Each structure stands twice: as structure tokens, then as C-alpha cells.
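When we follow my numbering, the leftmost residue of the sequence shown carries the number 1213, and every step to the right adds one. Reading through the C-alpha cells given below for one structure.
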Amino acid sequence: MRKLLFLLLLPFLLCSCTEVYWTNPVSDIHNAVVDERLVGTWVGCVKISEKGKTEATPFYLHIGKMDRKRMKLITQFVQSGSTQEGIYIMYTSKLDGRRFMNIKESTSKGELSNRYIISEYEIKERDTLILRHANPDFVKNAIRNQVLLGEGAL
1213 MRKLLFLLLL PFLLCSCTEV YWTNPVSDIH NAVVDERLVG TWVGCVKISE
1263 KGKTEATPFY LHIGKMDRKR MKLITQFVQS GSTQEGIYIM YTSKLDGRRF
1313 MNIKESTSKG ELSNRYIISE YEIKERDTLI LRHANPDFVK NAIRNQVLLG
1363 EGAL
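What follows is the structure, encoded as C-alpha cells:
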């Protein structure tokens, strides 16, 4: 089974109120190429603190190839016996030797929006996916100061 390591909590996947959206992907999606190494199911465990209790809950990323440029990302987060799922379209980017997931947000009706969630990723060995997310406060300040294009959601 493939492992998923979180260097920072995944705010968009955990339905947090500190989500950060980007109006543009890291690179032009017309130049995107599928990263075959991502295809498969990745399993991780996150610790959620709620009402003084800490609970370790499983988290799954199912990644499949749609065509030469696009990938489908299905997330499953299991907490207290219920499962939350999300379905996304994803493009990968490579910039200065770093790799990024450009995850296109969808609305509650399943329609694609014009916003992206960006995550840097690295694959260690063959079976460990490391995800890195920007500090939401840092990103919000950069957007507010017009250093980055994006929008913050609370």
C-alpha cells in the first residue's frame, strides 16, 4: 500500500475554514503532462483535535489518469464513522525542479469553478507521497499585497 505523508495539514481536504484558492495554476494547463507515478491509491492518517479529544483518522487519495493532460483526484476522509468525499480534476506542473498539483475546485453541484488549490508534492522511493502546502497566512498576505494572484476563503 502506498503511503501519504502530510508535512502540513491539508486544509482543502479537511474542510477547514482556512482554505486558500488560486485563480491560476502554477503553469499553463495546456502544457500539463500526467505524472504516472501519482496514479494509484495513497493512504495517510491525520490527527484531528476536537472537543479536547485527538482522533487519528484515515485519509485516502485515489488518483487516476483521464487523458494526456488531466488526472482525476478522489479524496476520502473518514471521521467518526462517516466518510467525506471530494472529486477533483488535477493538472501537474514542474517549476524549477519542484512539482505541483493544480487541483481544480468543483462546486457542490459538481461543476468546475475557476479556482485551484495548489500543493507541492514529492515522491520518495516508490511508495511515499509527501505533500506540502503553503502557510495560509503567508499566502493571504501575498495575495493581499498582490504578490500572488488568488483569493482567500474563510
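Positions of the beta carbon are idealized from the N, C-alpha and C atoms, including for glycine. Computed from a predicted model, the values in this text were never measured in an experiment.
Residue i, DSSP secondary structure in three states
i: lysine 1263; result: coil
i: isoleucine 1355; result: helix
i: histidine 1274; result: strand
i: arginine 1249; result: helix
i: asparagine 1243; result: helix
From the options, residue whose alpha carbon lies closest to that of residue i
i: threonine 1253; options: Lys1352, Asn1236, Gly1298, Gly1276; result: Gly1276
i: arginine 1280; options: Glu1334, Tyr1303, Asp1349, Pro1270; result: Tyr1303
i: glycine 1256; options: Trp1234, Ser1239, Thr1287, Glu1337; result: Thr1287
i: arginine 1249; options: Asp1339, Ile1329, Pro1237; result: Asp1339
i: arginine 1310; options: Leu1285, Ile1342, Tyr1233, Gln1358; result: Ile1342
Residue i classed as buried or exposed, judged by whether at least 16 other C-beta atoms fall within 10 angstroms
i: isoleucine 1299; result: exposed
i: leucine 1307; result: exposed
i: lysine 1336; result: exposed
i: histidine 1242; result: exposed
i: serine 1325; result: exposed
i: aspartate 1395; result: Examination of residue 1395 is not possible in this model, given that the chain is present from 1213 through 1366 alone.
i: valine 1238; result: buried
i: asparagine 1314; result: buried
i: lysine 1259; result: exposed
i: arginine 1356; result: exposed
i: serine 1331; result: buried
Those residues which DSSP pairs with residue i across a bridge
i: asparagine 1314; result: Tyr1303, Ile1330
i: glutamate 1337; result: The partner list for glutamate 1337 (beta bridge, DSSP) is empty, contrary to what the question assumes.
i: isoleucine 1286; result: His1274, Ile1299
i: serine 1294; result: Gln1291
i: arginine 1344; result: Glu1332
Original post:
Does the pairing of the region 1294-1308 with the region 1262-1270 give three or more beta-carbon distances under 8 Å?
Top reply: no
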